[in-house]
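Asker: Can you keep this structure in mind? I'll have questions shortly.
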Amino acid sequence: MDKAIRVRNITKKYKLYKSTKERLLDMITPKSYGEDFYALADVSFEAEKGDIVGFIGINGSGKSTLSNIIAGIVPETSGTVEVNGQASLIAVSSGLKGDLSGRDNIELKCLMLGFTKEEIKELEPKIIEFSELEQFIDQPVKSYSSGMKSRLGFAISVTVNPDILIIDEALSVGDKAFAEKSLSKMKEFKEHGKTMIFVSHSLGQMKEFCEKILWLEYGLVKDFGTVEEVIPKYEEFLREFKTMNKKEREAYRNEAMKLQSKALKLN
Amino acid sequence: MKSAVKVIKEQLNHFYLIRRLSIYELKSKNKSNYLGMAWEVINPVIQILIYWLVFGSIRQRDKIEAAPDMEVPFITWLIAAFVLWIFFYQSTIQGSKSIYSRLRMLSKMNFPMSIIPNYVIFSQLYIHLFMLLITIIIFHLSEFYISVYYIQLIYFIFAAFCFIFAVSLIMSTLSTIVRDVHMFLNATLRMLLYLSPILWQIETLAPEPFPTILKLNPLYYLIEGYRAALFGTNWYLIENWHYTLYFWAVVIILFIFGSVLHIKFRRHFIDYL
């Protein structure tokens, strides 16, 4: 079977500066200032065509960074990403222009994605229909509620028919009816053999929908396997993590950081 | 050189995109005002009136010598240059902040980012052409009629566009990396207004070598070109062919520098936000 996504040894480094002075010095002098922060350290995983992969992990574990890198929004510091086909990321109200109406935003967004005039003409009614915005479609987007925004964003991203769909917590804002509609749309995608990546904290949705789970922790791959294997372990971990006090959590974090630097040295 | 070719190719391949996006640019900017796009005209008109009142009264409403043996009213002389200045000023300012203010909107890194400053300038070009039309009407009311010299206006609009694009390409990259560059540009442009022959005639006010030094400013060339075309005095680009060569040399150097800078950093723009 074809590989849809192949991520090899991805590392993403951010620099944390204490002040703007440090930032400036780092930029103009050869010496390095500021503290390195690794959002991702030597992450590798592969997804087959038609796989539905869920990313789980506590806050700050690098889920969003990884999905942004796969979508091609954020560049990686080192490593390689191979994506077979067009990837489309849906995040809450991503890239909508507040002053323009929903209709204008649809065209703008499609233009940005590289569609031609004719294709956009064809897509527009479908997007409007799917978003269920009805008379609001000609109102400026800044007047939309967050649910409406994510509906519009979701409608655009699914209608443009990407090969790989990355969904970053986008379904948590819509109402139940729309979430169900989206899920059924995604099931349709699943049947068509599209690859999907799902980033969410809702384990229920994950269980229902995903086949594989990638568990990230402090920028490292903690586990990668089927839902049945990984989710129980993660639930176990969450229970444990909840009972930890501040000190224990810190110790846990330090332990993870050691692992992280080990992974980086190996690289 | 490779980067320059790449940037030019991106402009040509995405011309439709540039046109559409520039229209949305105009739309979204003026949607929340009741007068909408009219502000794009009202604003410069107010500025011209102020400069006319101040500088006109300093000159005691004297006429000004646009060419040897040709005296013209100060207001027409001012407008001919100011219409270009507004185009230059607005596009450079908007162009400079174009990338970092729109980066969040882009959903793809492989979006041809070099067209962003271009479509911002393009949206200003529509306004400029409209302003130019008004200028031409004013000139006809002041009895400066259309002449064969108007043809060079097309050339000068094109030249202005190229110059502005080259500057914006550099500035948009630099100000994405260091936001202060935008502030610096703002201050510099304010100063540049007085160092260009827009409000006053440099040759008559300052002794040599100041006029020659100030001629290093490519804007000088464009302004004098606009005036020559609108007043119908001469074929500026041919009569001053040395200056024409100098202008294009500057534009090409700026453009190559801007392209190299842009291509080098554009992959990492998002990290600078």
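Chains as they are written, first to last, in my numbering: chain A, 17 to 283; chain B, 29 to 301.
Even for Gly, the Cβ is constructed at its ideal location relative to N, Cα and C.
Here the structure is a predicted model, which means the values were calculated and not measured.
Give me, in chain order, the residues of the same chain whose beta-carbon lies closer than 6 Å to that of A:E123; leave out the 5 immediate sequence neighbours on both sides.
Answerer: Cβ neighbours of A:E123 beyond the five flanking positions: I136.
Asker: Does the beta-carbon of A:D120 have 16 or more other beta-carbons within 10 angstroms, so that it is buried, or is it exposed?
Answerer: When all chains shown are included, A:D120 counts as buried.
Asker: B:S141 lies in the beta strand (DSSP E); which residues open and close that run?
Answerer: For the sequence presented, residue 141 of chain B should be read as Met rather than Ser. From DSSP, B:M141 is part of no beta strand (DSSP E); its letter is neither H nor E.
Asker: Here's the rule: buried if 16 or more other CB atoms are within 10 angstroms of the residue's CB, otherwise exposed. What is B:R294?
Answerer: Buried is the call here.
Asker: For chain A, is any of its Cβ atoms less than 7 Å away from the one on B:R87?
Answerer: Not one chain A Cβ lies under 7 Å of B:R87.
Asker: Between which two residues does the beta strand (DSSP E) harbouring A:V97 extend?
Answerer: Here the beta strand (DSSP E) through A:V97 covers S94 to V99.
Asker: So what does DSSP say about A:I26, is it helix, strand or coil?
Answerer: A:I26 falls in the strand class under three-state DSSP.
Asker: Relative to chain A, which residues along the segment 49-66 of chain B have a C-beta separation below 8 Å, given in chain order?
Answerer: Result list: L49, Y52, K55, S56, K57, K59 and S60.
Asker: Does chain A have any CB closer than 7 Å to the CB of B:R207?
Answerer: B:R207 does not count as touching chain A.
Asker: Please confirm whether A:A55 and A:G78 have their CB atoms less than 7 Å apart.
Answerer: Against a cut-off of 7 Å, the Cβ pair of A:G78 and A:A55 comes out as a contact.
Asker: Is the shortest distance between the beta-carbon of B:I114 and the beta-carbons of chain A less than 7 Å?
Answerer: Output row for B:I114: interface = no.
Asker: Give the DSSP bridge partners of A:K31, in chain order.
Answerer: A:K31 pairs with A:D52.
Asker: With a CB to CB cut of under 6 Å and the five nearest residues on each side skipped, what residues in its chain are close to A:N84?
Answerer: Excluding sequence neighbours, A:N84 sits near V90.
Asker: According to DSSP, is A:D58 helix, strand or coil?
Answerer: Strand at A:D58.
Asker: Taking all protein chains shown into account, do 16 or more other C-beta atoms lie within 10 angstroms of the C-beta of B:N146, making it buried, or fewer, making it exposed?
Answerer: B:N146 should be labelled buried.
Asker: Between the beta-carbon of B:L258 and the beta-carbon of B:A32, is there less than 7 Å?
Answerer: Cβ atoms of B:L258 and B:A32: not closer than 7 Å.
Asker: So that I know if they touch, is there some Cβ in chain A lying closer than 7 Å to that of B:I149?
Answerer: Answer no: the Cβ-Cβ gap between B:I149 and chain A never drops below 7 Å.
Asker: Taking the alpha carbon of A:D184 as the point to measure from, which residue in A:F61, A:S80, A:F253 and A:S60 has its own alpha carbon closest?
Answerer: Ranking A:F61, A:S80, A:F253 and A:S60 by Cα distance to A:D184 puts A:S80 first.
Asker: Would the segment 207-225 of chain A and the segment 57-69 of chain A be scored as touching if the rule is three or more Cβ pairs under 8 Å?
Answerer: Cβ pair count under 8 Å is three or more, so yes.
Asker: Between the alpha carbons of B:I127 and B:R207, how many angstroms are there, rounded?
Answerer: If you take the alpha carbons of B:I127 and B:R207, they lie about 11 Å apart.
Asker: Let me see if you follow: with CB-CB separation under 7 Å, is B:L213 close to chain A or not?
Answerer: Closer than 7 Å: no.
Asker: Applying the criterion that 16 or more other CB atoms from any shown protein chain within 10 Å of the CB defines a buried residue, is B:A194 buried or exposed?
Answerer: Under this definition B:A194 is a buried residue.
Asker: What residues of chain A sit near B:R295, judged by a beta carbon separation below 8 Å?
Answerer: The contacting residues are P91.
Asker: For B:L45 and chain A, any beta-carbon pair shorter than 7 Å?
Answerer: Judged by the 7 Å Cβ criterion, B:L45 is in contact with chain A.
Asker: Which residues, in order along the segment 146-178 of chain A, keep a beta-carbon less than 8 Å from a beta-carbon of chain B?
Answerer: So the close ones are P156.
Asker: Give, in chain order, every residue of the segment 200-214 of chain A whose Cβ lies closer than 7 Å to some Cβ of chain D.
Answerer: No chain D is present in this structure, whose protein chains are A and B.
Asker: Give a yes or no on whether the minimum CB-CB distance between A:L32 and chain B is below 7 Å.
Answerer: For A:L32, the answer is no, since every Cβ of chain B falls outside 7 Å of its Cβ.
Asker: Starting from the Cα of B:M29, find the closest Cα among B:I284, B:E93, B:L202 and B:T216 and give me that residue.
Answerer: The option with the nearest alpha carbon to B:M29 is B:I284.
Asker: What did DSSP end up calling B:S175 once you bin it into helix, strand or coil?
Answerer: Correct three-state label for B:S175: coil.
Asker: According to the Cβ coordinates, are A:Y30 and A:L41 closer than 7 Å?
Answerer: Taking 7 Å as the Cβ cut-off, A:Y30 and A:L41 do not qualify as a contacting pair.
Asker: So the alpha helix (DSSP H) B:A108 belongs to, where does it begin and stop?
Answerer: Here the alpha helix (DSSP H) through B:A108 covers F102 to S124.
Asker: Assuming A:D239 is part of the beta strand (DSSP E), what are its boundary residues?
Answerer: Here the beta strand (DSSP E) through A:D239 covers L236 to T242.
Asker: Starting from B:V73, trace the alpha helix (DSSP H) both ways and give me its first and last residue.
Answerer: From DSSP, the alpha helix (DSSP H) with B:V73 extends over W67 to I86.
Asker: From what residue to what residue does the alpha helix (DSSP H) around A:K6 run?
Answerer: Nothing in the structure corresponds to residue 6 of chain A, since chain A is present only between 17 and 283.
Asker: With a threshold of 16 other CB atoms inside 10 Å of the CB of B:K125, please say whether the residue is buried or exposed.
Answerer: The residue in question, B:K125, is buried, as its Cβ has 16 or more Cβ neighbours within 10 Å.
Asker: From this set, A:N25, A:I26, A:A267 and A:E64, which residue's C-alpha is nearest A:E227's C-alpha?
Answerer: Comparing Cα-Cα distances from A:E227 to each of A:N25, A:I26, A:A267 and A:E64, the minimum goes to A:E64.
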